[in-house]
Amino acid sequence: MPDTVDEVFERFLNGSPIFKNRDVLRHDYVPDRLPHREDEIRTLAAILAPALRGQKCSNVFIYGMTGTGKTAVARYVLDRLTAKARQVGAPVVACYVNCRMAGTEYRVLTALCASLGVKVPFTGLAKAEVLERFKKALFGREITFIAMLDEVDV
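For the sequence shown, the numbering used here gives the first residue as 3, with consecutive numbering after it.
See the structure below:
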């Protein structure tokens, strides 16, 4: 049996790869450019831009048909916003949570806490306690916090 496994490994290592970039198959992959979404990108960027000056942004609710690029546009803009914030020294913290993947409100709150450096056990606390820890961490800092809750309707 070990020979068979070694053969598989050798064939894999010596063969040419099937994929140029396997990362594009990941659910969290964001491409470098999003053709035909320039208007949506500009609109969302304009709404979030005040964060770069420590100002509050408007809330945004993005909806539409499945597969139209809502998540890709939002993540694209969020990634660029956080990169620009680092570049200019703006205290912006952004957190992306896919609510379907998180599965429960508790895990959504846990992800929000983690983005602020607050450790929360995987289970065992009341949601109200996790929310309090999140609020305490958030209100104790001079930051602009942006939470992107994807698939919140699930």
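Beta carbons: idealized from backbone N, C-alpha and C, even for Gly.
Original post:
Apart from the five residues just before and just after L46, which ones in its own chain have a Cβ nearer than 6 Å to its Cβ?
Top reply: V79
Original post:
Looking at the structure shown, is L1 part of a helix, part of a strand, or coil, going by DSSP?
Top reply: One cannot answer for residue 1 here, as it falls past the ends of the chain, which runs 3 to 156.
Original post:
So which of G91, Y31, V26 has the shortest CA-CA distance to G56?
Top reply: G91
**OP:** State the Cα-Cα distance for the pair L114 and I43, rounded to the nearest angstrom.
**Re:** Those two C-alpha atoms are separated by around 24 Å.
**OP:** Spatial neighbours of C97 within its chain, please: CB distance less than 6 Å, with the 5 preceding and 5 following residues excluded, ordered by chain position.
**Re:** L114, S117, A149
Subject >> Inter-residue Cα distance where the pair is A104 and V156 >> reply: 11 Å
**OP:** Grab me the residues of R102's own chain with a C-beta within less than 7 Å of its C-beta, minus the 5 sequence neighbours each way, in chain order.
**Re:** If you ignore the 5 residues before and after R102, its C-beta comes within less than 7 Å of the C-beta of E153, V156, all in its own chain and listed in chain order.
**OP:** Output the boundary residues of the alpha helix (DSSP H) element that contains C97.
**Re:** Per DSSP, C97 belongs to no alpha helix (DSSP H); it is in the beta strand (DSSP E), 94 to 100.
**OP:** Identify, in the order they occur along the chain, each residue of the same chain with its Cβ nearer than 7 Å to the Cβ of V95, setting aside the five sequence neighbours on each side.
**Re:** S117, L118, I145, F147
**OP:** Please name the residue or residues paired with A149 in a DSSP beta bridge.
**Re:** C97
Original post:
How would you label A87, buried or exposed, when you count the other beta carbons within 10 angstroms and need 16 or more for buried?
Top reply: Looking at its Cβ environment, which holds 16 or more other Cβ atoms inside 10 Å, A87 is buried.
Original post:
Taking Cβ positions, are R39 and G71 nearer each other than 8 Å?
Top reply: yes
Subject >> Separation of A139 from L27, as counted between CA atoms >> reply: 35 Å
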